[in-house]
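Inspection log for the structure reproduced underneath, given as structure tokens.
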Amino acid sequence: MSASPSSVQAMELKGRMLLVSVLRVHDAEPHNLGNMLAARRDEAPDLMRDMPIVLDLQPVADAGDAALRAVVQQVRAAGFRLIGLQDGEAAQALEAADAAGLPPRLAMGGRGGSGEVALGEGRARREAPSAEAAEEGDSAASASAAPVAVHSATRVVDQPVRSGQQVYARGGDLLVTAPVSAGAELLADGHITVLGPLRGRALAGVRGLVSARIFCRRLEAELLSIGGHYRIAEDITEAERGDNRLVTLAGESLNITES
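As structure tokens, this is what we get:
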């Protein structure tokens, strides 16, 4: 007698966010690349340390297998956490060369991932995460860090956080006593408190702390996230916007209440 079909759902697609940046290399020369990696890391050492990176080698695909393997080693030596290679000719060439210790190839879809770090193309830059890119980042979810205990002192910012700026409280809470503009981004391993209008993006518990909370004097946010679960502006109702709002995570849903 054959067994009855299982009623267990085969898969689920969760609304979760994984902060992954794509590092696109335009210059494989060891000295140049090493200097650029060090300079980019030193701009924001707390944020860059152990940052999950998907490496895009396509612009230097003609550099040869040895040079491409050296790039991989340099990225790791600089302190980034390499979780994948963006699919392309360069990644396929490395795979064919049986290079030891390579991460998997990931089809990220152009500028997939939640941000980009470009090296060797003038000044290095990093773009802020987007909600659309976050869903693509789920393909690398197995590499996400385990929840971390919050133990560092609260980071206090007493100046307005303007569009394009990013503030990260690694290992602790973030307190902003000034307005946060649209296009700005706040990240914290713990809680986020904004004693002013919050018009940008706020991501609390970015390393998996699901008990993290977000509080703001006035909620006008573009994106809210706790422990990888997020809501974008279109999902925040007019009734939920307003003064003295508290954001918490219940299960897999973000709740916004008046505090």
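For the record, in the sequence shown the residue sitting at position 37 is 116 according to my numbering, with numbers rising by one throughout. From the three backbone atoms N, C-alpha and C, an ideal C-beta is built for every residue, glycine too.
According to DSSP, simplified to helix, strand and coil, what is histidine 270?
In the structure shown, histidine 270 sits in coil (DSSP, three-state: anything other than H, G, I, E or B).
Under the three-state reduction of DSSP, which class applies to alanine 232: helix, strand or coil?
Alanine 232 sits in coil when the DSSP states are folded into three classes, being neither helix nor strand.
Cα-Cα, which of Val139, Glu337 and Ala329 is closest to glutamine 171?
Taking only the C-alpha atoms, the option nearest glutamine 171 is Val139.
Here's the rule: buried if 16 or more other CB atoms are within 10 angstroms of the residue's CB, otherwise exposed. What is serine 338?
Its Cβ having fewer than 16 others within 10 Å, serine 338 is exposed.
Smallest Cα separation from alanine 248: which of Thr336, Gln152, Ser231 and Ala118?
It is Ser231.
Nearest to proline 131 by alpha carbon, out of Asp237, Ala142, Arg320 and Leu164?
Nearest C-alpha to proline 131: Leu164.
Buried/exposed call for glutamate 317, threshold 16 Cβ in 10 Å
Result: exposed.
In angstroms with no decimal places, state the Cα-to-Cα distance between glutamine 152 and glutamate 168.
Put simply, the backbone Cα of glutamine 152 is about 19 Å away from that of glutamate 168.
Indicate whether alanine 300 and glycine 279 have their beta-carbon atoms separated by less than 8 Å.
Contact flag set, yes.
With the cut-off set at 8 Å, would you say alanine 356 and aspartate 237 are in Cβ contact?
This structure leaves residue 356 out entirely; the chain is present only between 80 and 338.
Simplified DSSP assignment, three categories, for leucine 136:
Residue state, collapsed to three classes: coil.
Unbroken stretches of the beta strand (DSSP E), 3 residues or longer, contained in the segment 237-261:
DSSP runs (the beta strand (DSSP E)) wholly in the segment 237-261: 245-248 and 253-255.
If I'm right that aspartate 322 touches arginine 297 with Cβ under 8 Å, what's the distance once you round it to whole angstroms?
Taking the Cβ atoms as the reference, aspartate 322 lies roughly 5 Å from arginine 297, within the contact range of under 8 Å.
May I have the straight-line CA-CA distance separating aspartate 144 from alanine 107, to the nearest angstrom?
In a straight line, the C-alpha of aspartate 144 is about 11 Å away from that of alanine 107.
In three-state DSSP terms, what is glutamate 108?
In the three-state DSSP reduction, glutamate 108 falls in the coil class, being neither helix nor strand.
Going by beta carbon distance, what residues of the same chain come within less than 8 Å of asparagine 114, once the five residues before and after it are set aside?
Residues of the same chain with a CB within less than 8 Å of the CB of asparagine 114, apart from the 5 flanking positions on each side, do not exist.
Give the secondary structure of alanine 157 by DSSP, where H, G and I count as helix, E and B as strand, and everything else as coil.
Alanine 157 falls in the coil class under three-state DSSP.
Cβ neighbour criterion (16 or more within 10 Å) applied to aspartate 121:
With fewer than 16 Cβ atoms within 10 Å of its Cβ, aspartate 121 is classed as exposed.
Reference threonine 336, options Asp252, Arg292 and Arg155, closest by Cα
Comparing Cα-Cα distances from threonine 336 to each of Asp252, Arg292 and Arg155, the minimum goes to Arg292.
Rounded to a whole number of angstroms, what is the C-alpha to C-alpha distance between glycine 250 and proline 109?
Approximately 33 Å between the Cα atoms of the pair.
Would you report the Cα separation of proline 239 and valine 259, rounded to the nearest angstrom?
When rounded, the distance between both Cα atoms is 6 Å.
If you compare alpha carbons, which of Gln137, Cys295, Ala117 and Arg119 is closest to valine 104?
Among Gln137, Cys295, Ala117 and Arg119, the Cα nearest to that of valine 104 belongs to Gln137.
In whole angstroms, what is the alpha-carbon distance linking leucine 303 and glutamine 244?
Distance between the alpha carbons of leucine 303 and glutamine 244: 16 Å.
If you drop the 5 nearest sequence neighbours on each side, which residues of the same chain put their C-beta closer than 6 Å to that of leucine 266?
Around leucine 266, the same chain offers Tyr247, Leu282 and Val285 as residues with beta carbons nearer than 6 Å, after the five sequence neighbours per side are excluded.
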